[in-house]
Structure formats: structure tokens, C-alpha cells
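Worksheet: one structure, shown below.
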Amino acid sequence: MSNPMKENQITTDPSKPAQRMRAGSLRIAALPWVIAGLALLVMPFVFNDNSAITIMNQMAITIIFALAYNMLLGQGGMLSFGHAVYAGVGGFACMHVMASTDFFEMLPLPVLPIFGGLFGMGLAMIVGSFSTRSAGTVFAMISLGVGELIAACSVIIVAFFGGEEGISGDRTYGLPFFGIEFLHQIEVYYLIAFWLMVSALLMYLFSRTPIGRMANAVRDNPERAEFLGYSSRWVRYYSFIFSGFFAGIAGGLFAINYEIVTEENLNTASSGVILLVTFLGGVGFFFGPIIGAIAFTLLQTVLSLQTDLWAFYAGVLFLATVMFFPGGLAGLLMMHVPAIKMGKASKLVVPYITTLIPALIGILGLSALVEMTFHVRHSSVGDEEMTVFWTTFDSHDILPWAVAIGVTVVAFAVMRMMLPTLRAAWADANATKANTSNGGAA
Amino acid sequence: MDLVLVNLIDGLVTGLLLFMLSAGLTLIFSMMGVLNFAHASFYMLGAYFAYQISIALGFWMGLLIAPLIVGVIGAGVERYGLRRVHQYGHVPELIFTFGLALLIEELVQFIWGRNQMPYQIPDALNFTAFAISGNSIPAYKVFMIFISVAIFIGLLYVLTKTRVGMIIQAALSYPRTVEALGHNVPLIFMGVFGVGTALAGVAGVIAGPVLGTFPGMAFVLGSIVFVTIVIGGLGSLWGALVASLLIGWITTFAKSYNIRMEDILNGIGISTPENLSDSMFRDIWAVTSPQIADILPYILMVLILIFRPYGLFGNRDA
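Line by line, the protein sequences are chains A and B. At position 399 of the first sequence (counting the first as 1) the number is 421 in our numbering, and the numbers step up by one without a gap. At position 171 of the second sequence (counting the first as 1) the number is 295 in our numbering, and the numbers step up by one without a gap.
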């Protein structure tokens, strides 16, 4: 119901055992996990300056949070507009543990996120008891209302939430963990990476358990699940509290990493961001949110350095994803699996290059136009000089406008010209399949 | 007593303003089964367009033209955006409108910047209409009440007494049958979406000068509007009216009377703890009603959802 590209939904002939759908398989491929673990170990040696590690920490926290969110959205079909609350409350709980010095001195820091998880879970148990009664719009509305309520409370109940300035702590007061006091970013990185692996694995295993499978069934057809004797409400409730637990862990890691938690961690804007991240990555696959979190964090950190308009671009990207690629980035990648399996993927390479390069140039031209318009409208009166793509020019001059418009128009025209070739190549690469996918670059 | 009257009028203004938004939203919901997250963004667009038009042509032309533009944009969004996403199901539709709300906010900041616009009450309405024992009621508030009531009556008339209204009502409940009778149902849906967003635009035009025209205005009102239609019952026009007025009055009264939590708790027999400043619950004891006025609607919503999940006037099956 929710999206057309469900996990492993590749139409095959079930009569041939070799091609049987693997969706129901309970086997777990170890290889991707080993590769991911090794990558996490090696990353700080490749990107070893402090800012890169900061970005990676942020990324890992977002990945855990997005995976937890996708337990609801992708696997359970529940759209939440207030999920940041559980992460935020987890963060606040961890911060209070950090602040209670006597207790914290007996506690090694790596254990701390569990408290966040338990608090997130506890809150999810309370809220879920009435919000998971139905999925869809009603659930979305309750999540929004509760989210707003708790975010508003955070300014009033100062004892727990610390009011507007939030609460801060010091992670180094904890019991040293094998002599490590977590003074350096790199130590925190490994702590977060450890929790990333553990929680991602647990969440993956959850999706393979009977309850995780039932969550999918309830998402697709609650009525039928009820007829089979499962209470769709309880199935949703379990997904919800586990999601709350992992969101709380993400919040706890946030508290450890930044040593400050504020109202911003649980307001609606953060909830919106996590929805954006998850959907961008693709809700139909387990690894979708991971891609989404990596892409979004990069976009956020890199693009926001370059332009004031990065939120605008993110919004456009999000809307385009919803409209044209509801499977997200993961869905886009997985569309190519049949072609690769048939060994025909190489046929796509040249058409992709000839179509995507003009498209990219066109998009860059368009964004240059957007930047120039913004500059003309909002820069101070005498300031007519601006820099776009390492070129400095006068934004009130006709020439740069003509160049930008020309490049954009020509690039998009070339792309349009190339589209039929790509479509033909796509159809060719997927030829033996009866199902016609609707084109790689629709 | 006089203060009660003043508050009643203030609450009525807030409530009717909310109703103009929630009426369109609830109509769109009963039509497509999808909450339009971007509804309040159309309200914001209405205010900004009206401001831009009022610079050139004056307030009254703004009141006339801005809602039309907003309605056309709304219809375009339905035709080219929502209808496309509709095939993927309800959740992507909801996500689409959510993304649209984000994008419109960014777009408004892109065009008009982050600051509040100097959108003013027109001179013709900038006087005191009457006074209740020293509390003056501005003419603009009276004007707002008149506009909203007129729109409500007009909407009710069109929906229940005209042929178009009959077809719309039929299309809401039995789209396939209506289509089989030869009516263009997608066109009706587009029209309803356009009118709903235009109503939000009207609300924006008349609220802009009072509540301020700034990029956050959609966000401020947006979630309250959802709360309103959830309390009233999704899809119920009367529910939307009752809930809007209820929320309008509750928040207004909570703001103007300083009721302290301590007094309430003492009133029901719980005595104030000796060492309040050390207590875990000191913030709860110190809470006053103006402080929580803005979150009262959310509390009300959660209570409604627990005890009457289909809302005050909602359909149990919905």
C-alpha cells in the first residue's frame, strides 16, 4: 500500500527453485556487516582531521535514528511527525545521568546510551498505548500533537528540560573504560561506531523476527493480518516501542557527542528532518535510511558551507523524491539489480553518461540562476559582485544571466534528446522480464 | 463581566480565523482522505501576496486578488503534484504535502526574506468600533468577524442548496457513482482543493496585518489547525466550527485570566510542599494558565484521542 518498491519485490517465477523470492529467508548474509564494520574501523584513518570525524559522528547518530524511524515508516507503515521526541527524551535522560556525579562515576560511558534507550522506550510505551490504535492519518496526527506538546513542555518544565538553553554535562566524569576517558573526538567516534553496529544489527534482526515480519503484514493489509489471528494494534505497538528504544539510543549518543541537549533536539523541525532523511534514502529497504543519512549529512555540512539556500535545495530534492522516485535512493539502486543479475548492466553505462551529464549541467545552471536571483533580491544596495562556481561577476550584468540561462536550456535540451536512448537501453537491459519498470530517468 | 465579553469577542475572532483554515482542510480531507500539511502554507502565501498587491493597488484589491492566486496555485498543486503522488498511496501523499510545506516556507524566505513584512491594517478600518467599559474593540476585529461569518454562510449555502454543492457532496461519498453519472470527478476534486486553499488564502489576507506576516506564520498556526480538525472529527464541517471556536475561547481565556496551578492543586486538596524549590515537580506547581495557553489545544487533542478517538463530531468508522 505505502510504496510500490517493497523489499526484494522482484517478480520471479516461483516454480523454479533457483529464482524463488528471498524475502522470507531468515538467513543473514554476514558479508555486508563485516564490510560495514571494517569500513567503520578504517574511516578515521582515511579522514583523520577533526571536522571529518565530527561529520562522521553526526552521520552515525543520524543513521541510528533514521533506522529506528524506518522501523515505523518503512516496516510498520506508520508515519510519525514527532519521532524526535523519543530521541530527545533519551538525550535528556542521559544528560541527567551524566549530571548525577555519584552515579555516573560508577558507570562506564559506553553503557550510558542504554539509559537513553530505556527512557525513549518508556515514553514510547506510554504514547504508543493510545497512538498505535490505528495507522495512517490518525497515527500521524497523534504523533504530531504529542510531539508539539512535549516540545512545548520542554520550555515550561525547566527542572527536566532546562528551559530554552537546555542542559549540558561532561562525559569525561564517567568511570574510565579500560583507561579511556573519552577526552578526544576519535574515542567518541569509536564509541558511536560500536553502538551503530550493535543497534543496526539488532534492528536488522528485529526485522527478521516473526514480529518484524508481522509488522510488514500489518503495514500492507491490517485486515488480513487480523483475520490470521494477529492483533494489528499490538504488532504496531511492539514496533513502536522498539523504535522508541533505538531512537533513545541515538539521542543518548547525541548527548555524549555534543554534551548539550536542548529543546531543538525534540521539536517538530528535527522530526521533519528525520522523515526527510529516511524518505530520501528509501523506506522500502533496510539499508535505505543508511544511504539517506549519509547523503543528507554530507549535503547539510558541505552545501550549507557553500550557500545560504541549502534548505531550499533540500526541500526541492525531497519533493522531487516523493514525486518521481518514491523508493528513494535505495529504490533507485535496487532497480538495477535485475539488469545486473542478467549481466546486461553494461548496456546502461553509455546512455547513463550521455543523459546524466547534461542533466547535471542543467541542474547546476538552474541553481546558478537561483543563486543569482537571490543575490539580486537580497544583497545590500551597492553590492553587485557575486561568486558562483568559482567565477566572480556582476550580478546586475546581462552577460552572466545569458550564459546561465543558455547553459541551462541547452543542457536540458540535450538531456531530453538523450532520454529516448536511455529508455530504449533500459527496456533492452530488462528485456527478459515481463514487468516493465517505468524507466531509469523518468 | 465586561472583561468576559471582551474575551468572548477576541476568542471569536481567533476561532473564526481558525475555522476558515480548518473548513478548507476538513473538506479536502473528506474528499481525498489526506490531510493537507501545506494548508497553513497557503494561508501564509495569501498574506504575502496580499501584502505585495496592497503596495501597488491597496488592501481591498489584495483581499480580492490574493485568494484567487492562492486558489489557482492550490488547484495546480492538486493537478500536477498530489494527483501524481496519489498512485503511491496515502503515506507518500501526506509526505508530499509535508515537503510542500517546507518548500513553500523556504520559497517565501527566498523571495521576501526572513523579516516581518510591514503589512498594515487599511486606514479605512483603523479606528475603534466601540468600547466595552474602557476596553476598545478595533473595527478591524469586527470586520474579521463579518468576513468569516459571511464566508461560512456562503459555504454552507453553496454546499447544501446549490446543484454544484450537491454534486460535491455526492462526489465526497460516492465518487464512482457520480463519475458514472457523467460528472468529471477529478475536476471536482481539483476545484474543491482550489477553493479550500483559497479560503486559507482569505484567512491569510485578513490575519496578516494582525498576527504579522513573517515566514514562520504558517508553522505557528499550522499545527493548531490540525489539532482543530482532529478534535472536531476528521471530515466534519460542523466539528471544525465547534472545535475552532472552542480552541479560540480556551486559549483567549487562559491567556487573560492568570490561573495558577498551585491554586488549582490547593483547591482539590493537595497542599503545597514545604520545600518547593527543591521539589522535582516545582515547575508543575509554578505553571500558570497564560504560560500553557498555547499548549492547551494539544492537551485537549490528546485527551480527545484517548477518550473519543473519532473526534467530537467525527464518524466512528472514519
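Glycine included, every Cβ here is placed at the ideal spot set by N, Cα and C. Quick caveat: nothing in here was measured; it's all calculated off a predicted structure.
Secondary structure of Ser102(A) (DSSP, three-state): coil. For Phe267(B), the enclosing alpha helix (DSSP H) stretches over residues Ala263 to Lys285.
Contact annotation, Asn79(A) with Val210(A): C-beta distance approximately 6 Å; criterion of less than 8 Å satisfied.
Here Leu288(A) is not near Gly138(A), since their CB atoms are 9 Å or more apart. Under the Cβ criterion of 9 Å, Met236(A) is not counted among the residues facing chain B. Annotated three-state conformation of Asp242(A) is helix, per DSSP. Going by DSSP, Phe431(B) is part of the alpha helix (DSSP H) stretching over Leu420 to Phe431. In this structure the segment 321 to 331 of chain B touches the segment 134 to 151 of chain B; the number of beta carbon pairs closer than 8 Å is three or more. In the DSSP assignment, Glu393(A) falls within the alpha helix (DSSP H) that extends over Ser368 to His400. By the Cβ test, the segment 371 to 386 of chain A is in contact with the segment 430 to 449 of chain A, since at least three Cβ pairs between them sit closer than 8 Å. At least one beta carbon of chain A lies nearer than 9 Å to the beta carbon of Pro216(B). Thr138(B) is a Cβ neighbour of Thr376(B), given a cutoff of 9 Å.
By the Cβ test, the segment 272 to 283 of chain B is not in contact with the segment 200 to 218 of chain B, since fewer than three Cβ pairs between them sit closer than 8 Å. Per DSSP, the continuous beta strand (DSSP E) segment holding Ile256(B) begins and ends at Thr252 to Ile256. Per DSSP, the unbroken beta strand (DSSP E) holding Met408(A) starts and ends at Glu407 to Val410. Within the segment 185 to 240 of chain A, the complete alpha helix (DSSP H) runs of at least 4 residues fall at 207 to 230. Straight-line spacing of the CA atoms in Met268(B) and Val299(A) works out to 41 Å. For Asp416(A), the enclosing beta strand (DSSP E) begins and ends at Thr413 to Asp416. At a cut-off of 9 Å, the C-beta of Ala333(A) has a neighbouring C-beta in chain B. Residue pairing from DSSP leaves Thr300(A) without any beta-bridge partner. Ser154(B): member of the alpha helix (DSSP H) spanning Asp126 to Met156, first to last residue. Rounded to the nearest whole angstrom, the C-alpha separation of Gly104(A) and Gly349(A) is 22 Å. Here Met155(B) is buried. Its C-beta has 16 or more other C-beta atoms within 10 Å. Taking all protein chains shown into account, Gly258(B) has fewer than 16 neighbouring C-beta atoms within 10 Å of its C-beta and is therefore exposed.
Look at Arg384(B) here: in three-state DSSP terms it is strand. At a cut-off of 9 Å between beta-carbon atoms, Pro433(B) makes contact with chain A. With respect to the 9 Å criterion, Gly294(A) and Val111(A) are not classified as neighbours on the basis of their beta carbons. Taking 9 Å as the cut-off, the beta carbon of Gly196(A) is found closer than this to the beta carbon of Phe126(A). About 5 Å separates the beta carbons of Met225(A) and Leu89(A), which is inside the 8 Å limit, making them a contact pair. Per DSSP, Ala51(A) lies in no alpha helix (DSSP H) segment and is marked neither H nor E. Annotation for Ile394(B): no alpha helix (DSSP H) segment contains it, and DSSP assigns it neither H nor E. Each of Leu378(A), Ile75(A), Met364(A) and Arg399(A) was checked against the Cα of Tyr212(A), and the nearest Cα belongs to Ile75(A). Taking 9 Å as the CB threshold, Ser347(B) lines the interface with chain A. Contact between Ala162(A) and Pro244(A) fails: their C-beta atoms lie close to 15 Å from each other, not under 8 Å.
For Pro299(B), same chain residues with a beta-carbon under 6 Å away, outside a window of 5 residues either side, are Val309 in chain order. Scanning its chain for C-beta atoms nearer than 7 Å, with the 5 sequence neighbours on each side dropped, one finds around Val349(B) the residues Leu142, Leu145, Ser146, Leu149, His163 and Ala164, in chain order.
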